[in-house]
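Enquirer: One rule links them: number in the working numbering = place in the sequence shown (from 1) + 701.
One structure is given below, represented as structure tokens, and several questions about it will come after.
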Amino acid sequence: MTGDGRPPAPDGRRGAVLVVVVLVMLALTALAHGMLLSAGVELAASSAGARQLERRAGSAGALALTVAAAPAGWMDSVPLWGARSVVTARLGRADGVGTLRRLAREAWLAEASARLDGPGGSGRGAPMGALMWIMDPVARVADLAGVLQVDTGAVVIADGPVDGVGFTRVEPPLTAEACARWAALIDSIVAPFVPSVAWRAVAAGGPRLGLLAFDSLLARVEVPVLGGGSPAPVDRRGACEFAAPWNWGDPDRPTGPCGGHLALRSAAGDLRVEGGVGQGILIVDGDVSFADGARFYGVVVARGALRLEGGAQLTGAALAPGGAVVPAGTSVRGSACWVTRVLAAHRGTIGRAVLLDGAGVGPM
């Protein structure tokens, strides 16, 4: 109070401080609102990114399952450019769908996409795809240059018949019913005459079935045979013993317990088949010999040479880069149906999908 009892005059500095405080508070409030808004935007962006990553993960999982699901018997019925959904898979919140689309007889496009559950999860996203090769039995038959294929420069001694003239015929022990599934396709894309012997350059790794390398074929065969032996059907109480190494089916009794067994066997070295009868596919990492009247129906893929003796017979086709010896009294006869049957029977084992070089797997 002043001497006359009146209050002191306001200090101008105090008023200025008050104004500054008010302005600072307003600025802090505005900054806080800005930070909250920015945080909200970042949260929304993060949530959208997380949903996209979930969709991509779901698509990638569905694509992997789609690639792994091939091949299968139904693929024969898919027309060119046709498609079929093969996988519906749930991974976390993502529901993935995988589809196979046929681009050519052995070229396929695997496609996959995923949908999320919950808020903000509607709509498919992150589609992914992969180009791949899948063995088609009829296409493999059509690609055969001869019922016996050897490497360029290999020696072939054939005093016995090596016959491709009846390649598309159905002859005993086959029946028309056994070939009916593929008969129309074989007639439409396979020439009626296949040369008996064809010389083709073979890479150092050995013969191939399409894009299936020899070492890959060898590694996929679960039942090996060693050295030599005589194939014969093995059944116990009317049930065929499929895993018996030298049980190669029973082509002479197609309605018997082992009549439908088309064996898939491999040998890590030279193999000698001494008599007996069998049907299926042989993958031999060396030379393969048939002797003592042995009969085999199907496909032989050997890294070395093919030798027949003592009245042996091979019906189907053989890839033997090392050459061949087919003396009088033995024979190699081509059969499109036998080749198609045995390849179709084992497409799930030796015909698994091969991703095309340079195509890879990625977003579409």
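Using N, Cα and C, we set each Cβ at its ideal position, and we do this for glycine too.
Could you give the DSSP three-state label for F894: helix, strand or coil?
Expert: coil
Enquirer: So what's I1051 in DSSP terms, helix, strand or just coil?
Expert: helix
Enquirer: So the alpha helix (DSSP H) A840 belongs to, where does it begin and stop?
Expert: Note, A840: alpha helix (DSSP H), P838 to D844.
Enquirer: By the three-class DSSP mapping on this structure, what secondary structure does E812 have?
Expert: strand
Enquirer: Rounded to whole angstroms, what is the Cα-Cα separation between T869 and M836?
Expert: 20 angstroms
Enquirer: Please list the segments of the beta strand (DSSP E) lying wholly inside the stretch 997–1045, counting only runs of 3 or more residues, in order along the chain.
Expert: 1007–1009, 1014–1020, 1025–1027 and 1032–1035
Enquirer: Taking 8 angstroms as the limit between beta carbons, can you name the residues of its chain near P925, skipping five residues before and five after?
Expert: Taken in chain order, the residues that qualify are P946, R966, S967, A968 and A969.
Enquirer: Contact defined as beta carbons within less than 8 angstroms: I believe R973 pairs with G928. What is the distance between those atoms, to the nearest angstrom?
Expert: Sure, about 7 angstroms apart at Cβ, within 8 angstroms.
Enquirer: Looking at the structure shown, is A790 part of a helix, part of a strand, or coil, going by DSSP?
Expert: strand
Enquirer: Hey, how far is the Cα of R1053 from the Cα of A771?
Expert: 6 angstroms
Enquirer: Please return the same chain residues whose Cβ sits closer than 7 angstroms to the Cβ of A1046, not counting the five positions on each side in sequence.
Expert: Cβ neighbours of A1046 beyond the five flanking positions: L963.
Enquirer: In the DSSP assignment, find the beta strand (DSSP E) that holds F915 and state where it starts and stops.
Expert: Counting along the chain, F915 falls outside any beta strand (DSSP E), though it belongs to the alpha helix (DSSP H) covering F915 to R921.
Enquirer: So, S677 versus A859, is the Cβ gap smaller than 9 angstroms?
Expert: Residue 677 falls outside the range modelled here, since the chain spans only 702 to 1065, and no answer is possible.
Enquirer: Check W683 in the structure and name its three-state DSSP category.
Expert: Nothing in the structure corresponds to residue 683, since the chain is present only between 702 and 1065.
Enquirer: Roughly how many angstroms lie between the CA atoms of P874 and R954, to the nearest whole one?
Expert: 8 angstroms
Enquirer: Give the DSSP-derived three-state secondary structure of C880 in the structure shown.
Expert: helix
Enquirer: Evaluate I982 with the Cβ neighbour count: other Cβ atoms within 10 Å of its Cβ, from every protein chain shown; 16 or more gives buried, anything less gives exposed.
Expert: buried
Enquirer: How many whole angstroms separate the CB atoms of A763 and V798, which I take to be in contact at a CB cut-off of 8 angstroms?
Expert: 6 angstroms
Enquirer: Below 7 angstroms CB to CB, which residues in the same chain sit around L1057 once its five sequence neighbours on both sides are set aside?
Expert: L832, M833 and W834
Enquirer: Assuming E755 contacts A795 (C-beta within less than 8 angstroms), just tell me the rounded distance between them.
Expert: 5 angstroms
Enquirer: Please state whether the Cβ-Cβ distance between L1044 and V978 is less than 9 angstroms.
Expert: no
Enquirer: Are R1008 and A879 closer than 9 angstroms when you measure CB to CB?
Expert: no
Enquirer: Find out if the Cβ-Cβ distance for the pair R803, A811 is shorter than 9 angstroms.
Expert: Not a contact, by the Cβ cut-off of 9 angstroms.
Enquirer: Report, in whole angstroms, the separation of the C-beta atoms of L913 and I1051, which I expect to be a contact under 8 angstroms.
Expert: 6 angstroms
Enquirer: Using only the alpha-carbon positions, how far apart do G854 and P1022 sit?
Expert: A direct Cα-to-Cα measurement between G854 and P1022 gives close to 9 angstroms.
Enquirer: Determine the burial state of R1048: buried for a count of at least 16 other Cβ atoms within 10 Å of its Cβ, exposed for fewer.
Expert: buried
Enquirer: What is the rounded straight-line gap between the Cα of V1055 and the Cα of S760?
Expert: 20 angstroms
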